[in-house]
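Enquirer: One structure follows; several queries about it will come next.
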Amino acid sequence: MNPGMTAGLTSAVNAGMTPVGTPWFFYVLAGLAVASGVAVITRRNAVHSALALIVTLLAVAGLYLMLYAPFVAGVQIIVYAGGIMVLFLFVIMLVNIDRSSKERQFNRIWPVGLAAACALLALFVSTIAKGKALFPDRLMTLPESSNTQQIATMLYGEAGKMGQYTFAFEIASLLLLVAILGAVIMTKKKI
Amino acid sequence: MPNFIMSYLDPKVTVTPGSAGNQFWALMYVLIIFAGVSVAVICMNWIERKALAHFQVRLGPMRVGPHGLLQPIADAVKLMIKEDIIPAEADQFVFWIAPMIGLLAAFTVYTVIPFGPSQAVSDMNIGILFMLGVSSLGVLGIVVAGWASNSHYPLIGALRSSAQMVSYEVAMGLAVVSAILMTSLNASGTGTLSMIGIVQAQQQQGVWFIFKFFPLGFIAFVIFAIAMVAETNRAPFDMAEAESELTAGYHTEYSGLRWSLFMLAEYAAMIAVSSIAVALWLGGWMRPFPNLLHAPAWDFIFSLFPGLTFGGLAAIAFVEAVRMPTQSFFRIQRIGLAVFAALLGFIALLLLVIAVAGRSADMSVAARFREGIDYVYWFVLKVAGFMYLFIWYRATWPRYRFDQLMKIGWKVMLPISLGVLVATAIVGVIFS
């Protein structure tokens, strides 16, 4: 980072780079996420559900941005909204939507779903009941500009030192590799 | 309020309006960029038709205006007043929203494109990640359009396009990562994802990343340059709309204004990915040889370029006006072209005056103007080079077969980009 740029950044911060209209953005994004989340499960047409899910993911990415986690927001957009959802749509498009939307749901897993929903509701209610005690007194003031670097330090560590989550991160990548190999073995008869 | 507006014009403020937290100028920049891109798309439309025609030894549009200069406007009017048909069996809502998705994705990317160190809407900390992510949303518009049309050819086009884009995104991302690695070769050892930061890293290291660790930077650049043609669905990778196989692919059922939105989105996305390539490998807004020819005299000479470019265009237009046939039928066209030449000449004069008036290094208004014009000029010139390449590719190469396309994407480009990434990391560690 050259001195001019650093000076520019500090002057911008001193000029009052406070977030604008925070509650407004929060309520719009949260409302959008909830409304499209409801649409995901109520639409009979699978493509409409998938599109609503994309809106949910984008709204959540916006919420991440408001939490000063731009890297997570960017990854959310690039991986979920841009990558995974395109593959979802790719598969759904090959399904005969007209027939599948008229079909009655035949599996009997709704009691499990109900139990999970109740557990989640209980969690929310307890959080609201306990209120402020659960949260730190004041907001951490993380500089937005170092968010990506901090994630990198946590995952890979400083020079010559292992990061806090290096092992978990590497194990997760192994898990993905196993999934890829499984997919290849299932589709190819002869490798 | 006026204080708020004027506070950004303070010479001490050297950041983008987004970073300075100034909504007014951010909005102004958005409007300027939106208008600029729309005009660029119109120009590109005309240049593409003319250049393609000349590649094929034809004349191209000649009737509407001198040398068909007014053809894009005539096309736009035609598309706007054409009947907008929605097929009876189509999914109405999705059919309606699909072109908007593509257009939104294409134009949202422009918030972080660095036309200059402060000539961007905002300098996001995750700039390049944001650009890749949002531009990958563009494929959703194509996929959804193909599905909503409820017709075979569009569906096949949409399937092809989604498979193709997901495949080439991988190689593209790896090529980008190897460029981002190069930004970390400084004293602090920390790289950056910010678009402006990436260009400033090239400025600091005194080399465009295309020439860094030759040939590693160059290979990464070539991979990106190929993948970006595939990402924007342009020939020779235009499998999604292969007209000889799929009629018109995903937009077969679209007509009128909605169809033109697809075209607008495609060209806007082309300009956007070209700007990524320019910012990452070709030094962004920097003029050629800034550290070799850094004397103030050279600064002055290079700052004359914008004016001279417009002067050259004006001269060409003037010569063509003189060469018009002398029949009375062409009189209006001749006058029109002469007026156009005069307009270009006036712009050239204005730019030259600014260049001369702002040649001192102080922070006067003229000097800042000159600086800004220089940055935007060099950036746009490099992007324009890429836009010409897009036309050139289209005129030169036959379309790939779909299996060939997949084979190149997964078996050639992906391994090479992975290898370049590893090699860049190793060489970077050795030389830092």
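From first to last, the protein sequence lines are chains F and H. No gaps in the numbering here: position 182 of the first sequence is 209 in my numbering, and each next residue is one more. No gaps in the numbering here: position 87 of the second sequence is 153 in my numbering, and each next residue is one more. Just so you know, even glycine gets a beta-carbon here, dropped at the ideal spot from N, CA and C.
When you compare only the Cα positions, how much space is there between Lys159/F and Val55/F?
Expert: Cα to Cα, the separation comes out at about 23 Å.
Enquirer: Roughly how many angstroms lie between the CA atoms of Ser310/H and Ile99/H, to the nearest whole one?
Expert: Computed Cα separation, rounded: 36 Å.
Enquirer: Is Ala575/H near Met479/H, with beta carbons less than 8 Å apart?
Expert: Residue 575/H cannot be examined here, being either before or after the span of chain H that is shown, 67 to 498.
Enquirer: Give me the chain F residues within the contact set of Trp213/H, using Cβ-Cβ distance strictly less than 7 Å, ordered along the chain.
Expert: What Trp213/H touches in chain F: Val74 and Met120.
Enquirer: Rounded to the nearest angstrom, how far is the Cβ of Phe406/H from that of Ala383/H, given a contact under 8 Å?
Expert: Contact flag correct, Cβ pair sits at about 5 Å.
Enquirer: Can you look up Ser200/F in the DSSP assignment and give me helix, strand or coil?
Expert: Here Ser200/F sits in helix by DSSP.
Enquirer: When we look at the beta-carbon of Asn134/F and count the other beta-carbons within 10 Å, is it buried (16 or more) or exposed?
Expert: Asn134/F comes out exposed.
Enquirer: Could you spell out where the alpha helix (DSSP H) holding Ala60/F opens and where it closes?
Expert: Thr49 to Thr69 is the span of the alpha helix (DSSP H), which, as asked, contains Ala60/F.
Enquirer: Would you check if the distance between the CB atom of Val232/H and the CB atom of Thr298/H is smaller than 8 Å?
Expert: It is not a contact, given that the beta carbons lie outside the stated cut-off.
Enquirer: May I have the straight-line CA-CA distance separating Gly64/F from Val160/H, to the nearest angstrom?
Expert: Rounded to whole angstroms, Gly64/F to Val160/H spans 18 Å at the Cα level.
Enquirer: Where does Asp150/H fall in DSSP's three states?
Expert: The answer is coil: DSSP assigns Asp150/H none of H, G, I, E or B.
Enquirer: Does Val118/F pass the burial test, meaning 16 or more other C-beta atoms within 10 Å, or should it be called exposed?
Expert: Burial call: exposed.
Enquirer: By Cβ distance, which residues of its chain are closer than 6 Å to Leu80/F, with the 5 residues on each side in sequence left out?
Expert: Cβ within range, chain order: Val67.
Enquirer: Which whole runs of the alpha helix (DSSP H) in the region 261-338 of chain H are 4 residues long or more, in chain order?
Expert: Fully enclosed alpha helix (DSSP H) runs of 4 or longer: 261-271, 282-297 and 309-312.
Enquirer: Which runs of the alpha helix (DSSP H), 4 residues or longer, sit entirely within the region 178-266 of chain H?
Expert: Listed in chain order, the complete alpha helix (DSSP H) runs (minimum 4 residues) inside the region 178-266 of chain H are 193-214 and 218-249.
Enquirer: Excluding five sequence neighbours on each side, which residues of the same chain lie with their C-beta closer than 8 Å to the C-beta of Trp112/H?
Expert: Within the same chain, Trp112/H has close Cβ partners Pro127, Gly134, Leu135, Gln137 and Pro138.
Enquirer: Below 7 Å on C-beta distance, what does Pro97/F contact in chain H?
Expert: The answer, in chain order, is Met190, Asn191 and Ile192.
Enquirer: Just the C-alpha distance for Phe376/H and Gly411/H, rounded to the nearest angstrom, thanks.
Expert: C-alpha separation (whole angstroms): 7 Å.
Enquirer: With a 10 Å radius around its C-beta and 16 neighbouring C-beta atoms as the bar for buried, classify Leu487/H as buried or exposed.
Expert: It is buried - the Cβ of Leu487/H has at least 16 other Cβ atoms within 10 Å.
Enquirer: According to the Cβ coordinates, are Gly239/H and Leu198/H closer than 8 Å?
Expert: Contact: yes.
Enquirer: Closer than 6 Å by C-beta to Leu251/H: which residues in its own chain qualify, once you throw out the five before and the five after it? Chain order, please.
Expert: Hits under 6 Å: Gly494 and Ser498.
Enquirer: Shorter than 8 Å from the beta carbon of Ser228/H to some beta carbon of chain F?
Expert: Closer than 8 Å to some Cβ of chain F, the Cβ of Ser228/H qualifies, so yes.
Enquirer: Alpha carbon to alpha carbon, how far is Gly283/H from Phe277/H? Give it in angstroms, no decimals.
Expert: C-alpha separation (whole angstroms): 6 Å.
Enquirer: Look at the alpha carbon of Gly140/F and the alpha carbon of Ser153/F, and state the distance between them as a whole number of angstroms.
Expert: Whole-angstrom Cα-Cα distance: 20 Å.
Enquirer: In three-state terms, what does DSSP make of Thr193/F?
Expert: It is helical.
Enquirer: Does the distance from the C-beta atom of Leu346/H to that of Val242/H stay below 8 Å?
Expert: Result yes, Cβ atoms of Leu346/H and Val242/H sit closer than 8 Å.
Enquirer: Can you tell me whether Leu11/F is helix, strand or coil according to DSSP?
Expert: A question about residue 11/F goes unanswered here, because the residues of chain F that appear run from 28 up to 218.
Enquirer: Can you tell me the Cβ-Cβ gap for Gly182/H and Gly438/H, rounded? I've got them flagged as a contact below 8 Å.
Expert: About 6 Å separates the two Cβ atoms, so the contact holds.
Enquirer: Taking only beta-carbon positions, decide if Ser394/H is within less than 8 Å of chain F.
Expert: For Ser394/H, the answer is no, since every Cβ of chain F falls outside 8 Å of its Cβ.
Enquirer: For the putative contact between Leu85/F and Ala108/F, defined by C-beta atoms under 8 Å, what is the C-beta separation to the nearest angstrom?
Expert: With a Cβ gap of about 6 Å, Leu85/F and Ala108/F count as contacting.
Enquirer: Would you say Val388/H faces chain F, with C-beta separation under 8 Å as the test?
Expert: Output row for Val388/H: interface = no.
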